[in-house]
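Take any residue in the sequence shown, note its place counting from 1, add 36, and you have its number in the numbering used here.
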Amino acid sequence: MECKLTHDTIEVNEVVFDAMVEQSVELDCLLPDYCPNVFKVLKCKMVPKMTGSRVTGNEAVVDGVATVFIVYICEETNQIRSFVQKVPFTKTVSLKSACENPTIEVGMQCEYLNCRGVNSRRFDIRGAIGISLKVCDQRAETVVSDAEGAGIQKQQSGVASDGECRQACKSFTVREELELPGGNEPIASILYHNETPNVTDVKLIANKVIVKGDIQLHVVYCPLGENPCPQTADYSVPVSQIIDLPGVDDRFTCNVMFDVCTADIEPKSTLDGDSRLLSAELCIVCTATCILETEKELIRDMYSTGYECNLEYKRLNLRKTIPLPMMTSMIQTSIDTPNDELSSVYDIWCDLARLSVKRSAGGLAVDGEFDVCAFCQSESGMPLSVDKRVEFHDDIDREMELPDCSFEAIGVIRSTSYHLTGDHKIDLRIEIMLIIRAVVSIDQPVVVGVNVDETKAAQRDGLAAVTLYFADEGEAIWEIAKRYHTSVSAIVEENDLDSEVMRQGGMILIPLVD
Numbered sequence: 037m038e039c040k041l042t043h044d045t046i047e048v049n050e051v052v053f054d055a056m057v058e059q060s061v062e063l064d065c066l067l068p069d070y071c072p073n074v075f076k077v078l079k080c081k082m083v084p085k086m087t088g089s090r091v092t093g094n095e096a097v098v099d100g101v102a103t104v105f106i107v108y109i110c111e112e113t114n115q116i117r118s119f120v121q122k123v124p125f126t127k128t129v130s131l132k133s134a135c136e137n138p139t140i141e142v143g144m145q146c147e148y149l150n151c152r153g154v155n156s157r158r159f160d161i162r163g164a165i166g167i168s169l170k171v172c173d174q175r176a177e178t179v180v181s182d183a184e185g186a187g188i189q190k191q192q193s194g195v196a197s198d199g200e201c202r203q204a205c206k207s208f209t210v211r212e213e214l215e216l217p218g219g220n221e222p223i224a225s226i227l228y229h230n231e232t233p234n235v236t237d238v239k240l241i242a243n244k245v246i247v248k249g250d251i252q253l254h255v256v257y258c259p260l261g262e263n264p265c266p267q268t269a270d271y272s273v274p275v276s277q278i279i280d281l282p283g284v285d286d287r288f289t290c291n292v293m294f295d296v297c298t299a300d301i302e303p304k305s306t307l308d309g310d311s312r313l314l315s316a317e318l319c320i321v322c323t324a325t326c327i328l329e330t331e332k333e334l335i336r337d338m339y340s341t342g343y344e345c346n347l348e349y350k351r352l353n354l355r356k357t358i359p360l361p362m363m364t365s366m367i368q369t370s371i372d373t374p375n376d377e378l379s380s381v382y383d384i385w386c387d388l389a390r391l392s393v394k395r396s397a398g399g400l401a402v403d404g405e406f407d408v409c410a411f412c413q414s415e416s417g418m419p420l421s422v423d424k425r426v427e428f429h430d431d432i433d434r435e436m437e438l439p440d441c442s443f444e445a446i447g448v449i450r451s452t453s454y455h456l457t458g459d460h461k462i463d464l465r466i467e468i469m470l471i472i473r474a475v476v477s478i479d480q481p482v483v484v485g486v487n488v489d490e491t492k493a494a495q496r497d498g499l500a501a502v503t504l505y506f507a508d509e510g511e512a513i514w515e516i517a518k519r520y521h522t523s524v525s526a527i528v529e530e531n532d533l534d535s536e537v538m539r540q541g542g543m544i545l546i547p548l549v550d
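Structure follows, in structure tokens:
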């Protein structure tokens, strides 16, 4: 009987690039006329953000903007002021091959930053941005999914993996007019601000992704007055968006990320002339990545009981992504302050410098580092800053039934609270939102081609109807059946076995099959 083959296609998401690349930043910064002269720089900080990404042929291109904040003490008044400058950049990376259906993941952080004062109005700034870039290309591979006739025996198993993968990126702008809290003084100047995006709801309908969320906006400013202490104001700005993504529906698993690439925050006067309003313009990039899990029957091995059989194998590198429920890690730590007595803490800057997640006995172990900058005031009334890098560890107790896998994690600092103690320390309580996915790597050879030569009979050792064979403990019945051109079911039935693996060594009978 002629051998009949059935073919199928399976989507393979191949990683064509996964590494950290560096983008240098050089800036000759001159203060505008409306900014007072600089006595001392308290903090120079660079916040890099992605504005867009694309893959063209065998190149990945990442567009971004680095926002540089210079917070300083004025020369004559000892008040705190700041200056902000944006530096656009483009990074191009060569890939090992051209991509047909790529997806791209981008992360950015400041690797280092040096700020050198040339004079009281000019700065020479040099730094580097670390860009974590991962590019995957989806391609379809044709495999043999079934075979019948010619005495074919097949070793087959179902494999669940990431199938179709679709991605879309959309930029939009949100404009809001925000009022200061009732107890706050009017604004003299904005010192700095940071934005924390939060996705609260994702809904998939045919060809569209509906996203809702908010942007937590934290603003630090100097109020009016001769020697004012900086004050803070916090807001929640709602955002929603509809993203066109052809081919998706509610069968897909969707991961959506908001990122504020630029934010322009300016004071605005009310009708009575006081600057008690903030005009906020937020440019947001929303990236949606949708994956459809598929399960395919793959043939790992095959032979014929009656004829010589030549197989063509191909090793497939598959992966299965398992999104985990949103988790929160609460970190409590402290930083030492200078021996000078501090009267108050204006605000805390806290950035996540490193994050890793691995499996632990009771759940997950989270390790990482924070870069902390505390803006303080000494007993003499002089502003100062305290910079520390702090390591942290947290164990998340959660029972999870997961196969052998690795973890990919993104951390977002949701809130930071602090308390100045009397022993030259600042106690910190930092809440991190963890977005974690487990990644199962599946690397196995599969049959992609079969040639059964029906002119050549299978070579057997002798023509006996039954062969005696001493099997070792743990030996697979499949390998024995393949060697003697018989079937697994025939050996199992003849020897009354309850497993296709020998539980203990011993003599078995190998029957001959047609």
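In this text, a Cβ means the ideal position worked out from N, Cα and C, and glycines have one as well.
Through-space distance from residue j to residue i, alpha-carbon basis
i, j, result
"Lys-127", "Lys-170", "14 Å"
"Ser-379", "Ser-414", "5 Å"
"Pro-303", "Gly-93", "45 Å"
"His-229", "Val-256", "6 Å"
"Leu-354", "Arg-157", "56 Å"
"Gln-115", "Pro-264", "7 Å"
"Leu-149", "Gln-480", "45 Å"
"Pro-359", "Ser-416", "52 Å"
"Thr-452", "Trp-385", "9 Å"
"Val-52", "Cys-172", "6 Å"
"Gln-540", "Ala-507", "8 Å"
"Val-74", "Lys-239", "50 Å"
"Glu-141", "Cys-135", "15 Å"
"Gly-425", "Val-321", "Looking at the sequence shown, residue 425 is not Gly but Arg. Those two C-alpha atoms are separated by around 29 Å."
"Pro-138", "Glu-348", "28 Å"
"Cys-71", "Ile-472", "44 Å"
Helix, strand or coil at residue i [DSSP, three-state]
i, result
"Ser-130", "strand"
"Val-48", "strand"
"Arg-434", "coil"
"Cys-444", "The amino acid occupying residue 444 in the given sequence is Glu; Cys does not appear at that position. Glu-444: strand per DSSP, three-state reduction."
"Arg-312", "coil"
"Arg-390", "strand"
"Arg-519", "helix"
"Tyr-454", "strand"
"Leu-378", "strand"
"Tyr-70", "coil"
"Thr-330", "strand"
"Asp-12", "With the chain covering 37 to 550 only, the question about residue 12 has no answer from this structure."
"Gly-219", "coil"
"Leu-360", "coil"
"Cys-80", "strand"
"Asp-534", "coil"
"Gly-194", "strand"
Rounded Cβ spacing between residue i and residue j (contact assumed at less than 8 Å)
i, j, result
"Arg-152", "Glu-62", "Not quite, the Cβ-Cβ distance comes to about 12 Å (not below 8 Å), so this is no contact."
"Gly-249", "Phe-288", "Not quite, the Cβ-Cβ distance comes to about 19 Å (not below 8 Å), so this is no contact."
"Arg-402", "Leu-464", "Note that residue 402 is Val in the sequence shown, not Arg. Val-402 to Leu-464, Cβ: 16 Å. No contact."
"Asn-346", "Gln-174", "Contact flag wrong, Cβ pair sits at about 30 Å."
"Pro-222", "Asp-310", "4 Å"
"Ala-324", "Ala-242", "That belief does not hold up - the Cβ atoms of Ala-324 and Ala-242 are roughly 15 Å apart, past 8 Å."
"Ile-544", "Thr-522", "Their Cβ separation, rounded to whole angstroms, is 11 Å, which puts Ile-544 and Thr-522 out of contact at 8 Å."
"Leu-253", "Glu-231", "6 Å"
"Val-180", "Ile-46", "Contact flag wrong, Cβ pair sits at about 11 Å."
Residues bridged to residue i (per DSSP)
i, result
"Glu-95", "Thr-92 and Ser-130"
"Phe-288", "In the DSSP output, where bridge partners are listed per residue, Phe-288 has none listed."
"Ile-188", "Ser-340"
"Gln-145", "Gly-166"
"Ser-365", "Ile-468"
"Cys-205", "Thr-323"
"Val-123", "Ala-102"
"Asn-114", "DSSP output for Asn-114 lists no bridge partner at all."
"Asp-182", "Thr-42"
"Met-418", "Answer is none; Met-418 lacks a bridge partner."
"Pro-303", "Leu-314"
"Met-86", "Gly-100"
"Leu-347", "Val-486"
"Asn-353", "Asp-479"
Near the ligand HEM: residue i beta-carbon under 6 Å from a heavy atom
i, result
"Val-107", "This structure lacks the ligand HEM; in fact it carries no ligand of any kind."
Span of the alpha helix (DSSP H) around residue i
i, result
"Asn-531", "524–531"
N- and C-terminal bounds of the beta strand (DSSP E) containing residue i
i, result
"Ala-512", "No beta strand (DSSP E) holds Ala-512; DSSP gives it neither H nor E."
"Gln-480", "461–493"
"Gln-413", "399–414"
"Glu-231", "223–241"
"Asn-274", "Per the sequence shown, the amino acid found at residue 274 is Pro instead of Asn. Segment 267–280, the beta strand (DSSP E) holding Pro-274."
"Tyr-505", "502–507"
"Leu-545", "542–547"
"Asp-250", "244–259"
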